[in-house]
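There are 4 protein chains.
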Amino acid sequence: MTRVGVNGYGTIGKRVADAVAAQPDMVLRGVAKRSPNHEADSAVQRGYALYAADSDRLGEFEHAGLPLAGTLPDLLDSVDVIVDCCPAGVGARNRERYASHDVRAVFQGGEAANVADASFTARTSFETARDADTVRVVSCNTTGLARLLAPLDEAYGVEKARVTLVRRGGDPAQTDRGPINDIVPDPATVPSHHGPDVRTVLPEVDIDTAALKAPVTAMHTHSVNVSLGAAPTADEVRELLARESRLFLIPEVAGIDGAGKLKEYALDCGRPRGDLWENCLWAESISVSGTDLYLFQNVHQEADVVPENIDAIRAMTTDIPVDESVTRTNEALGVGL
Amino acid sequence: MTRVGVNGYGTIGKRVADAVAAQPDMVLRGVAKRSPNHEADSAVQRGYALYAADSDRLGEFEHAGLPLAGTLPDLLDSVDVIVDCCPAGVGARNRERYASHDVRAVFQGGEAANVADASFTARTSFETARDADTVRVVSCNTTGLARLLAPLDEAYGVEKARVTLVRRGGDPAQTDRGPINDIVPDPATVPSHHGPDVRTVLPEVDIDTAALKAPVTAMHTHSVNVSLGAAPTADEVRELLARESRLFLIPEVAGIDGAGKLKEYALDCGRPRGDLWENCLWAESISVSGTDLYLFQNVHQEADVVPENIDAIRAMTTDIPVDESVTRTNEALGVGL
Amino acid sequence: MTRVGVNGYGTIGKRVADAVAAQPDMVLRGVAKRSPNHEADSAVQRGYALYAADSDRLGEFEHAGLPLAGTLPDLLDSVDVIVDCCPAGVGARNRERYASHDVRAVFQGGEAANVADASFTARTSFETARDADTVRVVSCNTTGLARLLAPLDEAYGVEKARVTLVRRGGDPAQTDRGPINDIVPDPATVPSHHGPDVRTVLPEVDIDTAALKAPVTAMHTHSVNVSLGAAPTADEVRELLARESRLFLIPEVAGIDGAGKLKEYALDCGRPRGDLWENCLWAESISVSGTDLYLFQNVHQEADVVPENIDAIRAMTTDIPVDESVTRTNEALGVGL
Amino acid sequence: MTRVGVNGYGTIGKRVADAVAAQPDMVLRGVAKRSPNHEADSAVQRGYALYAADSDRLGEFEHAGLPLAGTLPDLLDSVDVIVDCCPAGVGARNRERYASHDVRAVFQGGEAANVADASFTARTSFETARDADTVRVVSCNTTGLARLLAPLDEAYGVEKARVTLVRRGGDPAQTDRGPINDIVPDPATVPSHHGPDVRTVLPEVDIDTAALKAPVTAMHTHSVNVSLGAAPTADEVRELLARESRLFLIPEVAGIDGAGKLKEYALDCGRPRGDLWENCLWAESISVSGTDLYLFQNVHQEADVVPENIDAIRAMTTDIPVDESVTRTNEALGVGL
Ligand SMILES: NC(=O)c1ccc[n+]([C@@H]2O[C@H](COP(=O)([O-])OP(=O)(O)OC[C@H]3O[C@@H](n4cnc5c(N)ncnc54)[C@H](O)[C@@H]3O)[C@@H](O)[C@H]2O)c1
Ligand SMILES: NC(=O)c1ccc[n+]([C@@H]2O[C@H](COP(=O)([O-])OP(=O)(O)OC[C@H]3O[C@@H](n4cnc5c(N)ncnc54)[C@H](O)[C@@H]3O)[C@@H](O)[C@H]2O)c1
Ligand SMILES: NC(=O)c1ccc[n+]([C@@H]2O[C@H](COP(=O)([O-])OP(=O)(O)OC[C@H]3O[C@@H](n4cnc5c(N)ncnc54)[C@H](O)[C@@H]3O)[C@@H](O)[C@H]2O)c1
Ligand SMILES: NC(=O)c1ccc[n+]([C@@H]2O[C@H](COP(=O)([O-])OP(=O)(O)OC[C@H]3O[C@@H](n4cnc5c(N)ncnc54)[C@H](O)[C@@H]3O)[C@@H](O)[C@H]2O)c1
């Protein structure tokens, strides 16, 4: 049993905690949090041991009636792996602390690549993470792109990928994020940093990305073009991608036209939080003209990195092969639509 | 065991089906649907017997690989109560059909009040529904207002209620609904029809409503003013309302500032579909100046009528008292935050 | 000729500058700005003398190729009145500076009431501003409420006004403002500060306000209830309000259903920037039940305070009577739809 | 003087009417409209002769107090060219009528290409329109793409263009259009019809387009990739594009980050209706990697086709060369930022 802690219990942290708790070969020793808000409350309701991330805010937790199991150092003393889910940049500041407690650490995609020994998705980098003390699970967009490009590259060769990312302005609970009634080039320079981030896990792939920010909260949308090294039919591509366990091909008959219906479908299927751990590709959008592949995919920014975090833990702490880890993760979570 | 069927398996229908299936004293005999889309598919996945609403579309279901248990008349022959969750106005056209099969029927708030013998919320109209063959559960906004006004009227007397409803433009999955970047008076005439609808369940209450439509999908927001017959303190009102099982007073410390965080909280609590069956009132918004009470509440349009449908079924088919029915419904669903 | 300068050339400042430039009895001596962006550029294009607000940023203007007429002190030396249109709170910090140059100052509604000798709308407070060295034009929402309540109070007496303000989340060019897909109680406490602000210009009026923030940029929407001291017919109220030069009653036949069509109408009428200097009231929304008046009005946050700034200047610097000032302002701008 | 009429006085029609009225060599004989709403009212206010499109609705105009100059046939009898700006598809139904009155006709991009003898943008198809009795000005998106691709193709050769169109959900006044909080693949199939439409004016260009629909009203956003036949520097491309009179390169120093600030800038410059007749390209987004060009551009759907309509009229009715026509149109309107 790998003993795991989560530091930072927000959008990603709470999902990683649930996912760890669902694994047969892992045990969640607790979660650390800074502020005693409704999320801290729900951690307690779920029966997770709650640790204060800052020792000087113990009083606030007490005041809010939230029982603490200790502070972050206590949690670090009791785990093999800590998953850092703090806001972007905070992970880098925590790194020394984890090392000094001699625990392995998984960081998130908001950190720079050099925060860790290796960048990670299960599909592309499982073996690279084997000997690592620290691993960075790449961002939601990068994860979504890597999962798509890896099988294409293996099957046909990717000459060049060109992707427009229409990013959600904020997560559903973030009321301080815009824009309203605007599509904002962000960054205004092209290509964006997302392409280089993909190359941290798929170093050989040539990819240019352009990013926009839109007044939506549910998912990112990718408009994808890939110049392939071969000229498969659209059906062949569909079959290839349908074989990937973390790609969901939205069937045309389903009548699913956007993120709203996708999340509705996830909730109809009983998914906790309506999470879509899979890339969601519109099957009818997949088309090939010559060697040029086109498609639309949606990525649930809150969820797609969650199974990757689980696999990262296994890669670092066990010698379970990648396929078995992915299968275990998928089964424990219910990945696959 | 009351045998129940659901006709119309959309936003409301699927939730009512789940809620019926969760009751210890009811059995869901099946759901009827018109089109074999992803919702039909998820009904099958949940193990619900699926009936075709139209006998001339059987081929479409077969084509989609969706196994049918029969057509609507078959379902009607096997139930004591049918819950009609068809689009607004379709229920009225179905009424004769239900009567001819001699089944009791529950209609939704999109129908005119005269579709049924009685309009219903558990808090206001349980006994009225006792002898009824047909009952109409009032709309999401009306349910939310009745739940709030009933205890206020009992405790202090409601001299006059004035409510501005900022309504969601469409449900999350409805991509064809606007407005974008606009707040639309809808109807432009004041008072709106919502006030009279409240009087179908609280006939004695004097209420004027004004309605707007906004570019949001998650919840309705009510800005409420009530001129009371007494001058309680805000704390007394808070205590009064906190005692109601289907009112949730959002504590100030929770840091919940809008519908996004409310739904997040519901999902964090493990609620299926993130459903908020309770009115959600901002505790800090509750204020009294003289005899004038003010507050903000949010209503989850997809969910608040669901427990009411369950209680309506019990009122029509059993002699269980209102308190016991409400308690059973609440416990089976998990109402109460 | 009153010599006027504008300090702070943003949303409000540029409109005030245009309005001053349009008055036959005023001369715009220049505008002061902090950053040499596209707004500074358009000031130069309009032929306005441009002053640097900060003497340490002269180089930036030079670098951007924007010719400067001097710095703020130079502008202050050449005017009778400075209109401060800096971001909320900055005006208070500028006050001493204006006093030391012995110029009269007009502040905006983002400042606290005590920034100036008097708070102002032309309809309510023209005479109060006569002897003032400093005047604060109240905010867009307060201006809109005062214009509406003043004639109602005079004609019938206002027993109590209760208003829900559905505020725009940000101005059209503000991409960093939210919310997305949410209606946020802001402030969550009721009543909001808008009521007390109305009383700075209508001290005798009893008003409670509740404020929400919505994902729109074009206008604020007010849902208004007024308990009157009399029981006029809706038509009588319509006639009363139609006589006010800064209230526009949207005729039912116009087919104008929201802010989008209102702005379209303003642009169709050739209004610069599509500005609506008038409150826009839906004529068909005006209704009376007993002594309770209801109506919806929209307020163009960027524009309604602009004619008030002009009248404030005349009140402070001339002995022109209020009616003549308002008529002059209206004619020079084209107020009246 | 070319005598021009406009049939259909909506978003496009009113702009074309204003543009015709502004030309020294054209005279606007009148506009025809179906319904006597606020737009008809503003046509009268502008002094345009108003004609009823339907002879059976004369009473409605009279009732609304709108003076009519006659009906559509009267207008057709008095013009050389009619510009049809009716809703998509209505133009095709009007075609015979125009022919029977022996007037030349300009149609809009909502019609199928075969509605007219030639499809048109001034940059690509001026000579083609010379002998045509009927011309179709291509849609806003197609116009924006053709203006960009034509100079690139001339200078470097376009091997392949790949464009993602993030389209506005509705125009600012259209409250019945969605989506809310969703980015919808529309059409879900790739490539979309926009590519083939570009080839009606640039037959030789190889272009694939993918289209999304977003909850915004102000502009369309294009994420553009072009594989060129040469490898210019980004600066060379900037210089090339800056020479085109209907392309506006947004300078980086302007601080313009999206459609909101673009429209603000247009209004600051005194543009009527805030119209942006030019493609708006973010200068800093223009980048070249190898022979791959990337950039973002925004297209003001309500405005970019307006100067094209004017040039189409000149191409059909005069022998003025293209450059002179474009210059005249630009000067009369004020095109060029
Ligand atoms: N939200 C997304 O869409 C998304 C997707 C993929 C990756 N990520 C990455 O995941 C990481 C976390 O993002 P998130 O969206 O979950 O953020 P979040 O703001 O939702 O959650 C961060 C949590 O960390 C807590 N926290 C803040 N400072 C802390 C500290 N010093 N110690 C302990 N806890 C602290 C906060 O209270 C909060 O609970 C970031 O690197 C982000 O870039 C986010
Ligand atoms: N969505 C809400 O916010 C909400 C809230 C409260 C009450 N209501 C009311 O509930 C009722 C249902 O609304 P909804 O939002 O669930 O609608 P919906 O459109 O989501 O679902 C309606 C379902 O009925 C099916 N249907 C259509 N015609 C049918 C027929 N003839 N026979 C059988 N099935 C048919 C549709 O396929 C769909 O599955 C309406 O009266 C509505 O006013 C809706
Ligand atoms: N925008 C509205 O809806 C609105 C409506 C009514 C009243 N107001 C009030 O008007 C005032 C101005 O608001 P706004 O919306 O025009 O703001 P804004 O941000 O659009 O413009 C402010 C301008 O002031 C400049 N500036 C900043 N600091 C400065 C300084 N120290 N000296 C000189 N210039 C400086 C900025 O560069 C900018 O050009 C505020 O008090 C605000 O509350 C705003
Ligand atoms: N709005 C855009 O973004 C845009 C951009 C480029 C091209 N177009 C195209 O321009 C055309 C007009 O579109 P629009 O957006 O201006 O439409 P619109 O709906 O704004 O205006 C159409 C006008 O035509 C009138 N009308 C309707 N039926 C008529 C009839 N039978 N006879 C005369 N008038 C009639 C309507 O009353 C309305 O005033 C369409 O082909 C459209 O595809 C629109």
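Chains as they are written, first to last, in numbering that gives the first Met the number 0: chain A, 0 to 336; chain B, 0 to 336; chain C, 0 to 336; chain D, 0 to 336. For every residue, glycine included, the Cβ atom is placed at its ideal position computed from N, Cα and C.
Hey, which unbroken runs of the beta strand (DSSP E) at 3 residues or more fall wholly within the stretch 115 to 177 of chain C?
Within the stretch 115 to 177 of chain C, the complete beta strand (DSSP E) runs of at least 3 residues are 117 to 119, 133 to 136 and 157 to 167.
Any chain A beta carbon closer than 9 Å to residue 60 of chain D:
The C-beta of residue 60 of chain D comes no closer than 9 Å to any C-beta of chain A.
So is residue 51 of chain B buried or exposed if we call it buried at 16+ other beta carbons inside 10 Å?
By the Cβ neighbour-count rule, residue 51 of chain B is buried, with 16 or more other Cβ atoms within 10 Å of its own.
Does residue 179 of chain A have its Cβ less than 9 Å from a Cβ in chain C?
Residue contact check for residue 179 of chain A against chain C: a CB pair falls below 9 Å.
In chain order, what residues of the stretch 290 to 307 of chain D put their CB closer than 9 Å to some CB of chain A?
The residues in question are 291, 293, 294, 295 and 297.
Identify, in the order they occur along the chain, each residue of the same chain with its Cβ nearer than 6 Å to the Cβ of residue 112 of chain B, setting aside the five sequence neighbours on each side.
Within the same chain, residue 112 of chain B has close Cβ partners 118 and 199.
Got a sec: which bits of the stretch 24 to 56 of chain D sit with their beta carbon under 9 Å from any beta carbon on chain B, in order along the chain?
Those would be none; no residue qualifies.
Where residue 323 of chain A and residue 124 of chain A are concerned, what is the direct C-alpha to C-alpha distance, given to the nearest angstrom?
Cα to Cα, the separation comes out at about 15 Å.
Using 10 angstroms around the beta-carbon of residue 230 of chain C, count the other beta-carbons present and answer buried if the total reaches 16, otherwise exposed.
Counting the other CB atoms within 10 Å of its CB gives residue 230 of chain C a total below 16, which places it among the exposed residues.
When Cβ atoms are compared, which residues of the stretch 244 to 274 of chain A fall closer than 8 Å to chain E?
Structure shown: chain E not included; protein chains present are A, B, C and D.
Going by C-alpha to C-alpha distance, which of D:71, D:88 and D:120 sits closest to residue 99 of chain D?
If we check each option's Cα against that of residue 99 of chain D, D:71 comes out closest.
Distance between residue 20 of chain D and residue 387 of chain D (C-alpha atoms, nearest Å)
A question about residue 387 of chain D goes unanswered here, because the residues of chain D that appear run from 0 up to 336.
Please report the straight-line C-alpha distance between residue 110 of chain A and residue 40 of chain A, rounded to a whole angstrom.
Computed Cα separation, rounded: 27 Å.
Collapsed DSSP secondary structure at residue 296 of chain D in the structure displayed
DSSP places residue 296 of chain D in strand when its eight states are reduced to three.
Does the beta carbon of residue 217 of chain D come closer than 9 Å to any beta carbon on chain C?
Closer than 9 Å: yes.
Just by C-beta distance, which residues in the stretch 195 to 216 of chain B are closer than 8 Å to chain C?
Of all residues in the stretch 195 to 216 of chain B, 207, 209, 211, 213, 214, 215 and 216 have a Cβ within less than 8 Å of some Cβ in chain C.
Member of A:7, A:178, A:298 and A:176 whose CA lies at the smallest distance from the CA of residue 88 of chain A
Of the residues A:7, A:178, A:298 and A:176, the one whose Cα lies closest to the Cα of residue 88 of chain A is A:7.
7 Å Cβ cut-off: residues of chain C touching residue 171 of chain D:
Within chain C, the residues 259, 262 and 263 have their CB atoms less than 7 Å from the CB of residue 171 of chain D, given in chain order.
Report yes if the C-beta distance between residue 298 of chain A and residue 278 of chain A is below 9 Å; otherwise report no.
When the beta-carbon positions are compared, residue 298 of chain A and residue 278 of chain A come within less than 9 Å of each other.
Less than 9 Å between CB atoms is the rule here; does residue 174 of chain A satisfy it with respect to chain B?
Yes, residue 174 of chain A counts as interfacial toward chain B.
In whole angstroms, what is the alpha-carbon distance linking residue 2 of chain A and residue 310 of chain A?
When rounded, the distance between both Cα atoms is 14 Å.
Close-in-space but distant-in-sequence residues of the same chain around residue 331 of chain D (CB under 6 Å, 5 per side omitted):
Once the five neighbours on either side are set aside, the close Cβ partners of residue 331 of chain D are 21 and 22.
At a CB-CB cut-off below 8 Å, which residues of chain D make contact with residue 168 of chain B?
In chain order: 177 and 179.
Should residue 52 of chain A be listed as close to ligand 1, given that the test is whether its C-beta is under 8 Å from any heavy atom?
Checking every heavy atom of ligand 1 against the Cβ of residue 52 of chain A, one is found closer than 8 Å.
Please work out which residues of its chain come closer than 6 Å, Cβ to Cβ, to residue 352 of chain C, disregarding the five sequence neighbours upstream and downstream, and give them in chain order.
Nothing about residue 352 of chain C can be read from this structure; chain C reaches only from 0 to 336.
Can you tell which of D:305, D:161, D:333 and D:261 has its C-alpha closest to the C-alpha of residue 135 of chain D?
D:305 is the residue among D:305, D:161, D:333 and D:261 whose C-alpha sits nearest the C-alpha of residue 135 of chain D.
How close, in whole Å, do the beta carbons of residue 303 of chain A and residue 143 of chain A come, if the pair is a contact with beta carbons under 8 Å?
That pair is a contact at about 6 Å.
Quick check for students: name the residue ranges of the beta strand (DSSP E) that lie wholly in the stretch 280 to 324 of chain C, counting only runs of 3 or more.
Taken in chain order, the unbroken stretches of beta strand (DSSP E) that lie wholly in the stretch 280 to 324 of chain C and span 3 residues or more are 286 to 288 and 291 to 298.
What do you get for residue 62 of chain D, buried or exposed, if any count of 16 or more other CB atoms within 10 angstroms of its CB means buried?
Burial state of residue 62 of chain D is exposed, judged by a 10 Å Cβ sphere holding fewer than 16 other Cβ atoms.
Helix, strand or coil: how does DSSP classify residue 271 of chain C here?
The answer is helix: DSSP assigns residue 271 of chain C an H, G or I state.
Is it the case that the CB of residue 71 of chain A approaches a heavy atom of ligand 1 more closely than 8 Å?
For residue 71 of chain A, the CB falls within less than 8 Å of some heavy atom of ligand 1.
Between the stretch 174 to 184 of chain B and the stretch 137 to 155 of chain C, can you find at least three pairs of beta-carbon atoms closer than 8 Å?
Touching, no.
Only counting the same chain, and skipping five residues up and downstream in sequence, which positions put a Cβ closer than 8 Å to that of residue 264 of chain A?
So the list reads 253, 255 and 336, once near-sequence residues are dropped.
Give the DSSP-derived three-state secondary structure of residue 55 of chain C in the structure shown.
Residue 55 of chain C: helix per DSSP, three-state reduction.
For residue 220 of chain A, the first and last residue of its enclosing alpha helix (DSSP H)
Per DSSP, residue 220 of chain A lies in no alpha helix (DSSP H); the unbroken beta strand (DSSP E) holding it starts and ends at 219 to 227.
Do you know whose CA, among C:215, C:244, C:227 and C:159, lies nearest residue 321 of chain C's CA?
Across the set C:215, C:244, C:227 and C:159, the C-alpha of C:244 shows the shortest separation from the C-alpha of residue 321 of chain C.
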